[in-house]
Amino acid sequence: MKVSFKFDKDVGFISDDGKYDVKIKNSIVGNDQYHSPTELLMLAMGACSSDDVLNILKKMRKDVKNYRCEVTAEKRDTDPKMLKFGEIHYIFDGEVDPDSVKKAINLSLEKYCSVSLTVKNAGIPVSYYYTINGKDYR
């Protein structure tokens, strides 16, 4: 696995590894229309776990009609400004039951999602909750 990027004076960083361009905010340019590296880590954690969860639910033959994921985190005030915590909110619409969703999420966060496990192994707590058809479960 390999990625690469270059500095752009108007954007910050732009990936240049032959795939779709990823534009990344940096502290020199400070372009707020692009995600920061920490926000990209949060997106990666949510996407990695969501991929696991949706695949597990598919194997369980659960009918997910719509899905959304929100990841919340807070950074420390002092350098290095690492994350204090991460919280993933999984949002489902469809014919899915709370027990199946909880099982899928736990399998992802404890066994399969390499990004969230990397974050947890760095000592950053990762919690979650989920919503099914408008009802929250913690």
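As numbered in my numbering, the sequence shown has no gaps in its residue numbers, which increase by one up to the final residue, 162. We treat Cβ as the ideally placed atom computed from N, Cα and C, and that holds for glycine.
Taking residue i and residue j to be in contact with their CB atoms under 8 Å, please state how far apart those CB atoms are, rounded to whole angstroms.
i          : j           : result
residue 35 : residue 55  : 6 Å
residue 38 : residue 47  : 5 Å
residue 98 : residue 109 : 6 Å
When you compare each of the options to residue i by their alpha carbons, which one comes out closest?
i           : options              : result
residue 112 : 135, 140 and 122     : 140
residue 117 : 131, 155 and 25      : 155
residue 114 : 63, 131, 77 and 82   : 77
residue 146 : 107, 42 and 132      : 107
residue 84  : 151, 119, 41 and 138 : 119
residue 104 : 132, 62, 73 and 126  : 62
Just verifying my parser: in three-state terms, what is the DSSP assignment at residue i?
i           : result
residue 112 : strand
residue 126 : helix
residue 155 : strand
residue 43  : coil
residue 150 : strand
residue 99  : strand
Which residues mark the beginning and the end of the beta strand (DSSP E) in which residue i is found?
i          : result
residue 38 : 36-39
residue 75 : No beta strand (DSSP E) holds residue 75; the alpha helix (DSSP H) holding it covers 61-83.
Taking Cβ positions only, does residue i come closer than 7 Å to chain D?
i          : result
residue 90 : Looking at the structure shown, chain D is missing, and only one protein chain is on hand.
Going by the DSSP bridge assignment, what does residue i pair with across the sheet?
i           : result
residue 181 : As displayed, the chain neither begins before 25 nor continues past 162, which places residue 181 out of reach and without an answer.
residue 56  : According to DSSP, residue 56 bridges with nothing at all.
residue 30  : 38
residue 131 : DSSP, once it has assigned bridges, lists no residue as partnering residue 131.
Grab the span of the alpha helix (DSSP H) containing residue i for me, first residue to last.
i           : result
residue 140 : 138-145
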